[in-house]
Each structure stands twice: as C-alpha cells, then as structure tokens.
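Numbering (the numbering used here), first residue to last: 32 to 286.
We put the beta carbon where it would ideally sit given N, CA and C, even for glycine.
Quick caveat: nothing in here was measured; it's all calculated off a predicted structure.
A short worksheet on the structure shown next.
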Ligand SMILES: NC(=O)c1ccc[n+]([C@@H]2O[C@H](COP(=O)([O-])OP(=O)(O)OC[C@H]3O[C@@H](n4cnc5c(N)ncnc54)[C@H](O)[C@@H]3O)[C@@H](O)[C@H]2O)c1
C-alpha cells in the first residue's frame, strides 16, 4: 500500500469519536497502521473492526488517559503488535463549562486531568520508545481556546493553554532525539463534543449562531478539515516543523 504515511504506526487516544476517529480513517487511507484507544469501548472496537474489514491494520485498546499504569500497558501492547510507534496523537479530551465563580476544585481537576495530565502521560510513555526507533511525530490537540479565552470555559482554556506550552517546551527537549512535537488548534468543529454541548445548553440555537458568527468563514469546521492537518503533521511532509501551532479555525483567531 502506498500513501502519505505508509507503514507508519500511529497511536491515537480519544479515537472512538470526533477528531480522533476521523484522523484514524484518514490515516488508514494513507497507509498507516493504527493503535486506537479510548474509554468508549464499543465505539472504539467498532471503528477498529470496520478499518480491519477494509484491509487496514488497526488494534483497539480500552484506555483512560489519566491512568499512568495503563499508559505503560498500552505502549507495550503497541510495541508487541507493531514493533514501533512513529506517531502519537493525543486527542482524548473533555470540555467542561462551569461558570468560574461556581467551579469546584474537583471539576477543575477533572478537565486538567484528562486534557493536560493525559497528554503529559502519553508523551512520557511513548517518547522513549519513539526515540529508540530513531524519532517520530507527536501531535497534541490543543484548541483555539488554548490561545484566546472564552467566558465559561476557564478550566478548558487553562488545560489547552497548558497543552500549547507543553508542546513547545518538549519540542525543544525532544528534538535531539528526532521527535517533533506540534499542537493543533481547531476552531469549533461539528463533533459530538460540540453538538452534545449545544444540544444540552438551554440557549443552544443562540449559542450556535454566536459561535458561527465568530468564524470568518461563517460556519463551523468539519472533522475532516482537522484530520487533514493531522495527516500532514504525521507525515514526513512536515519534517521541518516542530514546536509549531497549526491553527485550523476558519479565521476565528484572526480577529
Ligand atoms: N470539536 C471541537 O470543536 C474541538 C475544538 C478544539 C479542540 N478540540 C479538541 O480535540 C480533541 C478531540 O475532540 P472531539 O471534538 O473529537 O471530541 P469527542 O467528544 O467527539 O471525542 C473525544 C473522545 O475522547 C474520549 N475521552 C474522554 N475522556 C477520556 C479519557 N479520560 N481517557 C480516554 N479517552 C477519553 C471520549 O470517549 C471521546 O471518544 C479534544 O482534545 C478536544 O478538546 C475539539
């Protein structure tokens, strides 16, 4: 099989839904071998089975990214199956939308734990294995909300700003090992994370209109439009990129 990431072994967290799932489909089509992980077991298994049925190589493992010991097991299982890990995509994430003055420490910690600790744990478990194989590419899902604020999303913004700077610092530290580390900053994208939040909000339609109006292109993005950027960062086409912020936001942060 030939493709833009032919033969690369890609580990994706949060792979059962949204951006992780679409990235898995696009990367498989470009020749990658996949290790898919998520807490959502049934959806993750379904995706791995459908990719396998199409002739791709895909393994699904249940994983909570905040569980340090599980990261060791997942990395080992990936090595046992494929013998290397070329690309890590940290896509598992949660939104969290409490008003700041009402936020409990537990709610704050929950968002930071999945979005920031999970990314840290993944990088720390996988980077040594990548280094042994001569290097690789780490792709961290941050957000436009890691670059600009949004009322009602303080924990999420803090976590995604943390992912941005974790990416830059580790890009410097891991470059001598041949590992590139970049962050992706999507605008609002039509995935279950966004559609469920709008569905649950009292003023969901109003919020949708407001969100759309903040994107210069006048719409939300599609998962495919983020997955295309992720394929680029996973491939050797981005071989001179590290510590960079790939903003794919329909012009949201241009204002
Ligand atoms: N959709 C957007 O508009 C948008 C915008 C900017 C950034 N992002 C980021 O992109 C990433 C993917 O978002 P999405 O839109 O695909 O969301 P999604 O809700 O569709 O998918 C997220 C996946 O992460 C999994 N997950 C949640 N907590 C987990 C945990 N502790 N361990 C393992 N898996 C866990 C969920 O089960 C789910 O399958 C997230 O990090 C999100 O913050 C999304």
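Any heavy atom of ligand 1 closer than 7 Å to the beta-carbon of residue i?
{"i": "residue 15", "result": "The requested residue 15 is not part of the displayed model; the chain covers only 32 to 286."}
{"i": "residue 284", "result": "no"}
{"i": "residue 113", "result": "no"}
{"i": "residue 288", "result": "This structure gives no information on residue 288, because the portion of the chain shown stretches from 32 to 286."}
{"i": "residue 125", "result": "yes"}
{"i": "residue 201", "result": "no"}
{"i": "residue 76", "result": "no"}
{"i": "residue 219", "result": "yes"}
{"i": "residue 103", "result": "no"}
{"i": "residue 141", "result": "no"}
Give me the residue from the options with the minimum Cα distance to residue i.
{"i": "residue 113", "options": "128, 165, 192, 90", "result": "90"}
{"i": "residue 48", "options": "34, 260, 76", "result": "76"}
{"i": "residue 275", "options": "224, 226, 236, 168", "result": "168"}
{"i": "residue 181", "options": "204, 135, 161, 242", "result": "242"}
{"i": "residue 173", "options": "87, 103, 236, 278", "result": "278"}
Short of 7 Å in beta carbon distance, which residues of its chain neighbour residue i, apart from the five on each side in sequence? Order them along the chain.
{"i": "residue 238", "result": "229, 232"}
{"i": "residue 273", "result": "202, 206, 211, 212, 213"}
{"i": "residue 179", "result": "284"}
{"i": "residue 52", "result": "46, 78"}
{"i": "residue 247", "result": "281, 282, 285"}
{"i": "residue 130", "result": "183"}
For residue i, which residues in the same chain have their Cβ closer than 6 Å to its Cβ, ignoring the five residues on either side in sequence?
{"i": "residue 186", "result": "127, 139, 142"}
{"i": "residue 32", "result": "Confidence at residue 32 is low in this model, with a pLDDT of 46, below 50, so the placement of that residue should be treated as unreliable; the coordinate-derived value is given next. Counting only Cβ-Cβ distances below 6 Å, and skipping sequence neighbours, we find 62."}
{"i": "residue 42", "result": "66, 109, 116, 119"}
{"i": "residue 171", "result": "121, 150, 194, 198, 214"}
{"i": "residue 218", "result": "175, 246, 252, 280, 281, 283"}
{"i": "residue 258", "result": "53, 54, 57"}
Excluding the five sequence neighbours on either side, which residues of its own chain have a C-beta within less than 8 Å of the C-beta of residue i, listed in chain order?
{"i": "residue 315", "result": "Outside the shown range of the chain, which is 32 to 286, sits residue 315, and nothing can be said about it."}
{"i": "residue 2", "result": "Here the chain covers residues 32 to 286 and nothing more, so residue 2 does not appear."}
{"i": "residue 97", "result": "144, 145, 148, 149, 152"}
{"i": "residue 262", "result": "35, 36, 54, 57, 58, 61"}
Report task. Taking 8 Å as the threshold, find out whether the region 136–152 comes into contact with the region 190–207 through three or more Cβ pairs. Result -> yes
Query raised in the report: Of all the beta strand (DSSP E) runs that stay within the bounds of the region 128–192, which reach a length of 3 or more residues?
Result: 167–172
Requested in this report: Determine contact between the region 109–125 and the region 65–76, defined as no fewer than three beta-carbon pairs at a distance below 8 Å.
Outcome: yes
Query - the region 88–105 contacting the region 68–77, beta-carbon criterion three pairs below 8 Å - result: yes
Requested in this report: Taking only runs that begin and end inside the region 199–282, name each unbroken beta strand (DSSP E) of 3 or more residues, in chain order.
Outcome: 210–217, 276–279
Query raised in the report: Can you give, in chain order, each stretch of the beta strand (DSSP E) that sits fully within the region 50–114 and has at least 3 residues?
Result: 64–69, 89–93
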